[in-house]
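The sequence shown begins at 3 in my numbering and counts up one residue at a time. Report on the following structure.
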Amino acid sequence: MSVEPMKLFFKEIKEPIETAMIGNYAVAGGVTQTDPDVICAFPITPQTQSVEGLSDVVHQGRLKAAFVNVESELAAMSYSTAACAAGARTFTATASQGYLLMTEALPMAVGWRVPLTMMISARAFNAPNLSIWNSWSDFVLFDVGWNCIVSENVQETYDAAILSVMMSDNSLFPTMFVHDGFIISHSVQKLWLIPDEIVRKLTPKKSRHTISTERPGVWGGIVTPSFFMEGRKNLDEAKKPVLDIMKKAFEEFGKATERYYNLIETYNLDNSLKTAFITMGSMCGNIISWMTKNKDIGLIKIRAYRPFPYEELQKIVQEHNIEKLIILEKSDSLNNLLPPFATSIATALYPLKTLFRCYIVGLGGRDVTRDEFAIAKKKMESVNDMKGQLYSYLGVRETKDKIYEVNR
């Protein structure tokens, strides 16, 4: 049985099409248009429909890809990396516990310089107990060298499926593109589909170094202490141009589609309070809507999470004389330090005098309300230094019960 929204992708898309679908099907459609050779599928909520949709287009003959039903997420990443190293354009997807299971193989994809792409429907880890709903726990956890871009809505996640191929192919590093689980993965929103011919021009298949019997070599062999550090430094140097490669991809995509993106996007920064929210993902749209009646505050939206655009952020803060930043983050670290996203912001702000506080919100799919935007703004008005704890939780119910407390 065909998945109804995917029928749009069963044949050539010759003209721009306005339609509506959930984020996961939009991703499946965008991936279809990039013509992958291998798709490694291990479904996990909330990314399931993305690989279901791709299964459908392969079954219908629209894609000539090898659709591989692997036995686990670790197998998905291992298979994807090997297939990509052999020259195949490869896609996989995961979330939460699946991301944890595949972490053993994530660095290998970086070390081998394979341009595979992966979609993540961001979901909480199972602590204190199982949750299938949205947090940023998964994709912010490990810094192993993957490129990472984050989408606000269904249109952006469809576009990201195409942009990530452009970024991976031109940087020779794997790219993950992320949307908020359920909030975007399962939300029906309007979007415009790009004609196949334009996608083909944006994502041509290029020759690159691959595993080959004609050029034998060792992939994944042991490296002794005599050479390992040189290899790590080489990888670090190879990452230096990636932000420029991302910028170029955004520019080329914008010229082809008239949808222009940036590493960082800003709204209403020249406000009277010299204060701005800074966050990423689906929250940005809610903040922009809330700002229609709260015009004295701005928003900095991070799209490129890795590599993190430190210099771009510093430039924005300095040019607009931002004195205070309100960090909204959907992850925590449980170690009395800043959580991962806020740590990146703090690193960028270190040379500056900008004050900030991090407010942890929306964990496990908890709604982030307009009241919380107002509360965070009000709290920030009284911040005059960087003393004390730099993070706090918003939206937590007041209760006398000690939830998940261990009896001693």
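Every residue, glycine too, gets a C-beta built ideally from N, C-alpha and C. Just so it is clear, the structure is predicted and the values come from calculations on it, not from any experiment.
Worksheet entry | Proximity of Met285 and Val363 at Cβ, strictly below 9 Å | Yes, they are a contact pair.
Practice prompt. Can you say whether Asp1 is buried or exposed, counting buried as having 16 or more other CB atoms within 10 angstroms of its CB?
Written response: This structure does not reach residue 1, given that the chain is present from 3 up to 410, and the question cannot be answered.
Worksheet entry | N-terminal and C-terminal residue of the alpha helix (DSSP H) that Thr50 is part of | Counting along the chain, Thr50 sits inside the alpha helix (DSSP H) bounded by residues Thr50 to His61.
Item to complete: Please work out which residues of its chain come closer than 8 Å, Cβ to Cβ, to Met3, disregarding the five sequence neighbours upstream and downstream, and give them in chain order.
Response: Residue placement at Met3 is poorly supported in this model, since its pLDDT is 44, which falls under 50; the coordinates are not used for a value here.
Item to complete: Only counting runs of 4 or more residues, tell me where the alpha helix (DSSP H) segments fall wholly within the region 153–213, in order along the chain.
Response: Complete alpha helix (DSSP H) runs here, min 4: 156–173 and 198–204.
Practice prompt. Report yes if the C-beta distance between Ser137 and Leu351 is below 9 Å; otherwise report no.
Written response: In this structure, Ser137 lies away from Leu351, with their beta-carbon atoms at least 9 Å apart.
Discussion item. Using the three-state DSSP reduction, which class does Thr345 fall into: helix, strand or coil?
Written reply: Helix.
Discussion item. Just to confirm the assignment: which complete beta strand (DSSP E) runs, minimum length 3, are found wholly within the region 283–338?
Written reply: Entirely contained in the region 283–338, the beta strand (DSSP E) runs reaching 3 residues are, in chain order, 300–304, 306–308 and 326–331.
Worksheet item: Excluding the five sequence neighbours on either side, which residues of its own chain have a C-beta within less than 7 Å of the C-beta of Ala28, listed in chain order?
Response: Result list for Ala28: Val156, Thr159, Tyr160 and Leu193, in chain order.
Fill in: DSSP three-state assignment for Tyr101, whether helix, strand or coil
Tyr101 carries a helical assignment under DSSP once its states are collapsed to helix, strand and coil.
Item to complete: Starting from the C-beta of Cys42, find all residues in its chain whose C-beta is less than 6 Å away, skip the five residues before and the five after it, and write them out in chain order.
Response: Same-chain partners within the cutoff: Val70, Val72, Ala78, Tyr81, Ser82 and Thr94.
Fill in: Met388 in three-state terms, based on DSSP
Coil, per DSSP.
Discussion item. What does the alpha-carbon distance come out to for the pair Met169 and Ile324?
Written reply: In this model, Met169 and Ile324 are separated by some 31 Å (Cα to Cα).
Worksheet item: Under the rule that 16 or more other beta-carbon atoms within 10 Å means buried, what is Glu6, buried or exposed?
Response: Exposed, because fewer than 16 other Cβ atoms sit within 10 Å of the Cβ of Glu6.
Practice prompt. Can you grab the Cα-Cα spacing for the pair Ile299 / Pro218, in whole Å?
Written response: Near 58 Å, if we compare the C-alpha coordinates of Pro218 and Ile299.
Worksheet item: For Val190, does the count of other Cβ atoms within 10 angstroms reach 16, so buried, or fall short, so exposed?
Response: Answer is exposed; the Cβ neighbour count stays below 16.
Fill in: Own chain residues within Cβ distance below 7 Å of Val2, not counting five before or after
Lying outside 3 to 410, the shown extent of the chain, residue 2 is not represented and no answer is given.
Worksheet item: Is the region 50–59 close to the region 227–246, with three or more CB pairs under 8 Å?
Response: Counting C-beta pairs with one atom in each stretch, the region 50–59 and the region 227–246 have fewer than three that are closer than 8 Å, which means they do not touch.
Item to complete: Could you spell out the range, first to last residue, of the alpha helix (DSSP H) harbouring Pro47?
Response: Per the sequence shown, the amino acid found at residue 47 is Thr instead of Pro. Counting along the chain, no alpha helix (DSSP H) covers Thr47, and no H or E run does either.
Worksheet item: Counting contacts by CB-CB distance shorter than 9 Å, is Met79 in contact with chain B?
Response: You won't find chain B in this structure, because it holds only one protein chain.
Worksheet item: Based on Cα-Cα distance, which residue from His322, Lys326, Gly147 and Glu254 lies nearest to Lys235?
Response: Among His322, Lys326, Gly147 and Glu254, the Cα nearest to that of Lys235 is on Gly147.
Worksheet item: Shortest alpha-carbon distance to Asp114 belongs to which of Arg210, Thr21, Gln99 and Gln49?
Response: Residue identity differs from the one stated: residue 114 is Trp in this sequence, not Asp. Looking at the Cα atoms, Arg210 is the closest of the given residues.
Discussion item. Short of 6 Å in beta carbon distance, which residues of its chain neighbour Gly256, apart from the five on each side in sequence? Order them along the chain.
Written reply: Tyr262.
Discussion item. Considering only DSSP beta bridges, list what Ser123 is partnered with.
Written reply: Bridge partners of Ser123: His181.
Discussion item. Short of 6 Å in beta carbon distance, which residues of its chain neighbour Gln316, apart from the five on each side in sequence? Order them along the chain.
Written reply: Hits under 6 Å: Ala350.
Practice prompt. Reducing DSSP to helix, strand and coil, say where Gly367 ends up.
Written response: Note: Gly367 maps to helix in three-state DSSP.
Worksheet entry | Proximal residues to Gly183 (C-beta, below 7 Å), its chain only, five neighbours per side dropped | Counting only Cβ-Cβ distances below 7 Å, and skipping sequence neighbours, we find Pro48, Ala97, Ser123, Ala124, Arg125, Trp135 and Asn136.
Worksheet item: Can you give the Cα-Cα distance for Glu400 and Ala22, rounded to whole angstroms?
Response: The straight-line gap from Cα to Cα measures roughly 39 Å.
Worksheet item: What does Leu357 pair with, by DSSP beta-bridge criteria?
Response: Under DSSP, Leu357 takes part in a beta bridge, and its partners are Lys326.
Worksheet item: Around the C-beta of Gly31, are 16 or more other C-beta atoms found within 10 angstroms, so that it is buried, or is it exposed?
Response: Residue environment analysis places Gly31 among the buried positions, since at least 16 neighbouring C-beta atoms fall within 10 angstroms of its C-beta.
Worksheet item: Mind checking whether Thr371 and Thr205 have CB atoms under 9 Å apart?
Response: No, these two residues do not count as a Cβ contact at 9 Å.
Practice prompt. Keeping to the same chain, check which residues put their C-beta closer than 6 Å to that of Ala162; ignore five residues upstream and five downstream.
Written response: Annotation for Ala162: Ile151, Ser153 and Phe179 place their beta carbon closer than 6 Å to its own, counting only its chain and skipping 5 residues before and after.
Practice prompt. Between the Cα of Ile24 and those of Asn273, Leu165, Glu75 and Met8, spot the shortest distance and give me the residue it belongs to.
Written response: For the options Asn273, Leu165, Glu75 and Met8, the alpha carbon positioned closest to that of Ile24 is the one of Met8.
Practice prompt. Consult DSSP for Tyr27 and reduce its assignment to one of helix, strand or coil.
Written response: Note: Tyr27 maps to helix in three-state DSSP.
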